[in-house]
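Student: Note that the sequence shown covers residues 1349 to 1551 in our numbering. Don't be surprised by glycine CBs; every beta carbon is placed ideally from N, CA and C. Could you have a look at this structure, given as structure tokens, before my questions?
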Amino acid sequence: FQELVAAIAQAALKVDNLDALKTADLGGMTVQEAITEKIAKIGENMTLRRMARVEGASVAAYVHNAVAGNMGKIGVLVALDGPDNGIGKQIAMHIAATAPQSLSEADLDPAVIEREKAVLTEQARESGKPEAVIEKMIEGRMKKFFEEVTLLNQKFVINPDITVGQAAKEAGVNVVGFARLAVGEGIEKKDEDFAAEVAKMAG
1349 FQELVAAIAQ AALKVDNLDA LKTADLGGMT VQEAITEKIA KIGENMTLRR
1399 MARVEGASVA AYVHNAVAGN MGKIGVLVAL DGPDNGIGKQ IAMHIAATAP
1449 QSLSEADLDP AVIEREKAVL TEQARESGKP EAVIEKMIEG RMKKFFEEVT
1499 LLNQKFVINP DITVGQAAKE AGVNVVGFAR LAVGEGIEKK DEDFAAEVAK
1549 MAG
């Protein structure tokens, strides 16, 4: 299985999206055919659901909870606009720990921003304070929200006195992109009551 994963990772370096990866050549068969063949051999269902690609002058990688060479529970890629002098891996480790939603405020999904602003506005209005005070409250809370969910504005876990953006700048580079993938992420599991599940199985 690990050999297949390593081969798929190598094939991913040559393509731009998931569909292209599934149809990429893997020694005389497509990646999808190789996965189907492996499922038949080991009897475990597997699905290639995601891939990520980042580009920069240098790319740093980090695998958290590695079980074998470059295979683990969380994988992170960080793209920099200059040579990596070690800061790339530190930022990748930070990303593994904090799971930022985007690189910066500008990259954050506008729907996420609007949803958060609506929630914070509702909370602020419940305080009964004057509108001018409410506006300041919302502004401050949105700033805090951006500090929590955007990579460049997060406090750097290695040195919480500075942000990730400042740490990169001090190292002479800018972070231009990142990708974080975690095993099982995005899979919705049906949440059932264990007792009900047992009762259902018992008939």
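(1) Roughly how many whole angstroms lie between the Cα atoms of glutamate 1540 and valine 1531?
(2) Please report the Cβ distance between phenylalanine 1494 and glutamate 1462, rounded to the nearest whole angstrom; I am assuming they are in contact, meaning their Cβ atoms lie under 8 Å.
(3) Run the CB neighbour count on asparagine 1501, radius 10 Å, all protein chains shown included, and call it buried at 16 or more, exposed below.
(4) For glycine 1376 and alanine 1444, what's the separation of their Cα atoms in angstroms?
(5) Any idea what DSSP makes of isoleucine 1506, helix, strand or coil?
(6) Within this structure, are the beta carbons of glycine 1404 and aspartate 1429 separated by less than 7 Å?
(7) Residue ranges of each alpha helix (DSSP H) run of no fewer than 4 residues wholly in the stretch 1366-1451, ordered along the chain?
(8) In this structure, how does DSSP classify valine 1353 when only helix, strand and coil are distinguished?
(9) Would you say glutamine 1449 and valine 1497 are within 7 Å of each other, going by their C-beta atoms?
(10) Please report the straight-line C-alpha distance between glutamate 1479 and valine 1411, rounded to a whole angstrom.
(11) For a test of the three-state rule: what should DSSP assign to valine 1460, helix, strand or coil?
(12) Go ahead and label glutamine 1350 buried or exposed: buried means 16 or more other beta carbons lie within 10 angstroms of its beta carbon, across all protein chains shown.
(13) Would you kindly report the start and end of the unbroken alpha helix (DSSP H) that includes alanine 1480?
(14) Please classify isoleucine 1383: is it buried, with 16 or more other beta-carbons within 10 angstroms of its beta-carbon, or exposed?
(15) What does a CB cutoff of less than 7 Å around threonine 1330 pick up in its chain, not counting 5 residues either side in sequence?
(16) Can you give me the start and stop residues for the beta strand (DSSP E) that valine 1524 sits inside?
(17) Our contact map puts alanine 1472 next to methionine 1485 with C-beta atoms below 8 Å; I'd like the distance itself, whole angstroms only.
(18) Taking 8 Å as the limit between beta carbons, can you name the residues of its chain near threonine 1469, skipping five residues before and five after?
(19) Tell me, please, which residues DSSP counts as bridged to threonine 1297.
Tutor: In brief:
(1) As a working note, residue 1540 is residue 192 in the sequence shown. As a working note, residue 1531 is residue 183 in the sequence shown. Caution applies to glutamate 1540, whose pLDDT of 49 falls short of 50 and renders its modelled position unreliable; the value that the coordinates give is listed next. Going from the Cα of glutamate 1540 to the Cα of valine 1531 covers about 21 Å.
(2) Here residue 1494 corresponds to residue number 146 of the sequence shown, with the count starting at 1. Here residue 1462 corresponds to residue number 114 of the sequence shown, with the count starting at 1. That belief does not hold up - the Cβ atoms of phenylalanine 1494 and glutamate 1462 are roughly 14 Å apart, past 8 Å.
(3) Against the sequence shown, residue 1501 aligns to sequence position 153. The residue is buried, with at least 16 neighbouring Cβ atoms inside 10 Å.
(4) As a first step, residue 1376 is located in the sequence shown; it is residue number 28 there, counting from the start. As a first step, residue 1444 is located in the sequence shown; it is residue number 96 there, counting from the start. C-alpha separation (whole angstroms): 35 Å.
(5) As a working note, residue 1506 is residue 158 in the sequence shown. Three-state result, isoleucine 1506: coil.
(6) Along the sequence shown, read from residue 1 onward, the residue named residue 1404 stands at position 56. Along the sequence shown, read from residue 1 onward, the residue named residue 1429 stands at position 81. Aspartate 1429 sits close to glycine 1404, with the two beta carbons spaced by under 7 Å.
(7) 1366-1370, 1379-1390, 1435-1446
(8) Here residue 1353 is taken as the residue at index 5 of the sequence shown, counted from 1. Valine 1353 falls in the helix class under three-state DSSP.
(9) Within the sequence shown, the letter at position 101 stands for residue 1449. Within the sequence shown, the letter at position 149 stands for residue 1497. Yes, the pair counts as a contact, with Cβ atoms nearer than the cut-off.
(10) Position 131 of the sequence shown, counted from the start, is the residue given in the question as residue 1479. Position 63 of the sequence shown, counted from the start, is the residue given in the question as residue 1411. Their backbone Cα atoms lie some 47 Å apart in a straight line.
(11) Along the sequence shown, read from residue 1 onward, the residue named residue 1460 stands at position 112. Helix, per DSSP.
(12) Residue mapping note: residue 1350 aligns to position 2 of the sequence shown, counting from 1. Exposed, since its Cβ has fewer than 16 Cβ neighbours within 10 Å.
(13) If you number the sequence shown from 1, residue 1480 lands on position 132. Its alpha helix (DSSP H) spans residues 1479-1497.
(14) The count along the sequence shown starts at 1 and reaches residue 1383 at position 35. With 16 or more Cβ atoms within 10 Å of its Cβ, isoleucine 1383 is classed as buried.
(15) Residue 1330 lies beyond the residue range present for the chain, which begins at 1349 and ends at 1551; the question has no answer from this structure.
(16) Within the sequence shown, numbered from 1, the residue matching residue 1524 stands at position 176. Valine 1524 -> beta strand (DSSP E) spans 1523-1530.
(17) For the purposes of this step, residue 1472 is identified with residue 124 of the sequence shown, where counting begins at 1. For the purposes of this step, residue 1485 is identified with residue 137 of the sequence shown, where counting begins at 1. Their Cβ separation, rounded to whole angstroms, is 4 Å, which keeps alanine 1472 and methionine 1485 in contact under 8 Å.
(18) On the sequence shown, position 121 is the one that residue 1469 refers to. Same-chain partners within the cutoff: Ile1482, Ile1486.
(19) This structure cannot settle anything about residue 1297, because the visible part of the chain is limited to 1349 through 1551.
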